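Residue numbers (UniProt numbering): 1 to 836.
Positions of the beta carbon are idealized from the N, C-alpha and C atoms, including for glycine.
Predicted model only: the values in this text are computed from it and were never measured.
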Amino acid sequence: MEYFKSSLKSVLGSAPTEDEPSGADTVERLVDRLQSSTLLSDRRDACRALKALSRTYRVEVGARGMDALRQVLEMDKTDCEIIGLALDTLCNITNPKAFDEEVDKHGPDHKIGEQFTEIFIKNADNVGLVLALLEEFEFKVRWPALRLLMHLTTNRLKDIQEIILVSPMGVSKLMDLLGDSREVIRNDVLLLLIQLTKANANIQKIVAFENAFDRIFDVIEQEGNAEGGIVVEDCLLLMLNLLRGNVSNQNFFKEGSYIQKLTPMFQLPSEIDDNPLTAWSPQKVSNVHCMVKVIRALVAPSGSAQSVANCQQIMRACGLLQALCNILMASGVPADVLTETINTVAEVIRGNINNQEFLAGVMAPSSPPRPAIVVLLMSMVNEKQPFALRCSVLYCFQCFLYKNEVGQSQLIQTLLPQGNEMPSLTTGQLLCGGLFSSDSLSNWFSAVALSYALIDDNAQKEQLLRVLLATNIGKPPVTLMQQCVMLLQQGNKVQCKLGLLMLLCRWTAHCTAAVKSFLLIDSSIAYLTALLSSQENNDDLQETLLQSMCAMLIGLCVHFNDNTVSNYSKEKLCNLIENRIGLERFQDAIGGLAKHEVYSRTLKHPQPSAKNTSELLLDHEFCRLAKTLEGVIIKSILDGSSRQSQIATPILPESVLVAQYKDVIREQDSQVQKLNQLTESLLKEKHELEAQVNDLRLTVSHLKDQNLVLRAAQTSLQSEEIMTSNATSSDDCTKETEKYKTVITELENRLSEYASMMKDYESNFNRKLKEKSEELEKLKKDQEDLLELLTEQDSKIMLYREKLVALGEKVETDESSVELDTDDQPESTNSIDRND
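Shown next, in the form of structure tokens:
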């Protein structure tokens, strides 16, 4: 019981001051009374007094009384009153917030509650005691136990997650509280589960398996769906934690027909148009925000393509897409709700041709009726609309045209000459109007939106070349590309120019006809070259992006050039780049695009991430295009310039000195290779065995996770079997239990098998490593023996030479003839005698 003592010094950093000795003394007497008294009533009174002091003297009560309070939880389980008092006291001790009574002593930013939490959970059994007390129905026990768990979780989330994960029935006990008739307990357990399911896939799976979705939907329905209070929001936040990034739970949600249960939550009341202010309370707005986040978690572009497609199909079939479109077309919807709903519709239709066709057929209740797409685009090119709303419309339009060849073709057709049967306002007309408006943001939106119609569709790029525009009365019409180049050369804002350059880059990529049309426009290349070679404002983000985009467009004109424009053939463009811009500067300009933070941020997600208008510079689809073509463009430029360099530069012979150095390096490399062969073979075998062991460990970890979930399920089913042994469904529960027992047994067998395989691999690896090490040591020993023999041989040769010299013979050495002096003869003679 003394395991707290080692951790108290850090908590008792400041001793009680002299003007408050009675407080610390009182706490110590009460703790002694709580530990030593034999009467339950005395211990209960002591515990009640400690609770009263725990707010003002938190450090003293925690440091001296935590061990005694833990003993109460363990030894006095039958008395609800003292248990409740002990839990309340522990709640005060571990509270993450500062009490008003203690601010003056410790300051508002102290971490006393966190420190006491760390001490309390050092022994995981303490948390188990609190979890066990949740089974007590008495309110004075269950509620403070729940609050204590919340404090512990707030202070040490990851530690509590690990403890609860391995605690028998830990999650199940919490899930049972969702059915508690007392709302305060039900609501607090919702908050606790929201914390516990953060970034922990295993707890998320167990919670979902414990019928969490059914219980959450029951609470939401009881509270009034979207019209409900903050409890509905808490339920949706828990649901969002269970679904976001968890493929297993997403499949369970989809296969369990829970998507269909979302539809009624989006049904608008009939009186919404009559009194929109009361229909959209702040809490309802928050609820709808959470509701659409749940939908987006199921159809996020980063998810599995097959799973997303299945969810999209279900959402259309169950009327959920229709309900979302109704919100889009309804009046009185707050701007932020409308923005998030547009983003949600975008991801529900993205890449799904049936859902895209559904949105194309939605008509706005206007006079005359207009397609919903047209109404949305009208908002996008309207500079009076909120910026976030306009960005959401662009995202929705991007998703509407994503892998939608029919939609792309229909958009381009609205720009081509048609009969009088066409409606007065089309998507193409709206985009052209926005492209040539005085609002630079509308220019950017329209240029990017028009570029979506050209993605992976060269036929539409060639069709767009046919578009003619009437500029001034009495002047001939100009092509759309000519008008874009003219706007680019005018003194527009950089944002507008970036939008036009992205459209032109998309237009010319993979389309030689578009490249030819662009090159035939007067001063098109000259303008790009002048802008790229300019030295002004190189530190400005927008200007550097503008130069990178100019380099990208010139590069596209080189790479996709069919040499039909004689003045701007590939060779002449490469010469122009080399002479006017410089190859190094050109490479820096194109390569610098990927180095910008705005490029990295835009590339991460299809949805625009800009928070304000000044940050909206690049488009996701363009960044993907640039990433794909950057390398091939640079290669084309270098190839074009290198051919010219090879013609002008003679090949020089290698010098003798370089050849000698090569010979020396070659010889040294040969020696190094011989010395490293054995080491390389050993390292290779080691890496192979380590890779096999890592694969097995990953498999074992995965099986352990499955085993943990199934064990929780088995325990839950066994508990339900006991509770419903007299019910008609007892046989089904028994069968389910037996089925999970079989699965668990199989998993345990597989775990044993993989553990055995890992042991064999490690044994094999250690054996081989030992053999190779012994072989290496043997080789080293042989080398040492050889060196000793050589040394000994040299010594003998020297002795024999000395002996011959002593006898008066002349001895030839490798360098010269050597004859020892007579002064050295006695010593040499002695050496010969010793060897004899």
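query	result
Met-378 lies in the alpha helix (DSSP H); which residues open and close that run?	372-380
May I have the straight-line CA-CA distance separating Lys-778 from Glu-784, to the nearest angstrom?	10 Å
Kindly indicate the opening and closing residues of the alpha helix (DSSP H) around Asp-100.	No alpha helix (DSSP H) contains Asp-100, which DSSP labels as neither H nor E.
Under the three-state reduction of DSSP, which class applies to Ala-208: helix, strand or coil?	helix
If you draw a straight line from the C-alpha of Cys-505 to the C-alpha of Leu-487, how long is it?	15 Å
Given that a residue counts as buried once 16 or more other Cβ atoms are within 10 Å of its Cβ, and exposed if not, what is His-620?	buried
Grab me the residues of Gln-627's own chain with a C-beta within less than 8 Å of its C-beta, minus the 5 sequence neighbours each way, in chain order.	Checking the displayed sequence, the identity of residue 627 turns out to be Lys instead of Gln. If we look at Lys-627 and ignore the five residues flanking it on each side, its Cβ neighbours are Ala-594, Leu-603.
I want to know whether the region 354-366 touches the region 301-311 - three or more CB-CB distances under 8 Å.	no
Go through its chain and collect everything with a Cβ distance to Val-292's Cβ below 7 Å, but skip five positions before and after it.	Glu-340, Thr-341, Thr-344
For Glu-135, is the classification buried or exposed, using 16 other Cβ atoms within 10 angstroms of its Cβ as the cut-off for buried?	exposed
Between Leu-133 and Lys-759, what straight-line distance do the alpha-carbon atoms span, to the nearest angstrom?	42 Å
Quick check on this structure: which residue in Ile-581, Ile-554, Leu-583, Arg-580 has the alpha carbon closest to the alpha carbon of Ser-569?	Ile-554
What would DSSP say about Ala-226, mapped onto helix, strand or coil?	helix
How should Asn-352 be labelled, buried or exposed, when 16 other C-beta atoms within 10 angstroms of its C-beta is the threshold for buried?	buried
Comparing C-alpha positions only, which one of Leu-500, Pro-476, Ser-517, Ser-438 sits nearest to Gln-463?	Ser-517
Could you check the C-alpha separation between Leu-465 and Met-378 for me, to the nearest Å?	25 Å
Could you check where the alpha helix (DSSP H) with Met-329 kicks off and where it finishes?	320-329
Do Leu-454 and Val-467 come within 7 Å of each other at the CB atom, strictly closer than that value?	no
Give me the Cβ distance between Lys-284 and Ser-248, rounded to the nearest whole Å; I'm assuming they're in contact under 8 Å.	Not a contact, Cβ separation roughly 32 Å.
Opposite Gln-364 in the DSSP bridges: which residues?	Strictly speaking, residue 364 in this sequence is Ala, with Gln absent from that position. Arg-370.
Which stretch, first to last residue, makes up the alpha helix (DSSP H) that contains Gln-260?	Careful: Gln-260 lies outside any alpha helix (DSSP H) and carries neither H nor E.
Run the CB neighbour count on Arg-767, radius 10 Å, all protein chains shown included, and call it buried at 16 or more, exposed below.	exposed
Of the residues Val-393, Gly-428, Leu-394, Phe-397, which one's Cα is nearest the Cα of residue 855?	Because the chain spans 1 through 836 in this model, residue 855 falls outside it and cannot be assessed.
Could you pull the start and end residues of the alpha helix (DSSP H) that Gly-65 belongs to?	58-75
How many Å lie between Ala-548 and Ala-297 at the Cα?	Just to set this straight, residue 548 is Ser in the shown sequence, not Ala. Using only the alpha carbons, I get a separation of about 35 Å.
May I have the straight-line CA-CA distance separating Val-598 from Asn-355, to the nearest angstrom?	31 Å
For Trp-444, collect the residues of the same chain with a Cβ closer than 8 Å to its Cβ; drop the 5 residues on either side in sequence, then sort them by chain order.	Gln-495, Cys-496, Leu-498, Gly-499, Leu-616
My assumption, with CB atoms under 8 Å, is that Arg-55 sits in contact with Glu-118. Please give the rounded CB distance.	Arg-55 to Glu-118, Cβ: 20 Å. No contact.
Quick one, which of Gly-332, Leu-243, Gly-256 has its alpha-carbon nearest Ala-300's?	Leu-243
Can you name the start and end residues of the alpha helix (DSSP H) that Gly-592 belongs to?	583-592
For the alpha helix (DSSP H) containing Glu-135, list its first residue and its last residue.	Note, Glu-135: premise wrong, no alpha helix (DSSP H); not H, not E.
Could you tell me if Ala-727 is buried or exposed, where buried requires 16 or more neighbouring beta carbons within 10 angstroms of its beta carbon?	In this prediction, Ala-727 has a pLDDT of 47, which is less than 50 and means its spatial position is unreliable; what the coordinates show is noted afterwards. Exposed, because fewer than 16 other Cβ atoms sit within 10 Å of the Cβ of Ala-727.
Which stretch, first to last residue, makes up the alpha helix (DSSP H) that contains Met-552?	541-559
Are the CB atoms of Ala-226 and Val-288 within a distance shorter than 7 Å?	yes
Below 7 Å between beta carbons: does that hold for Leu-148 and Leu-87?	yes
Using only the alpha-carbon positions, how far apart do Gly-319 and Glu-223 sit?	23 Å
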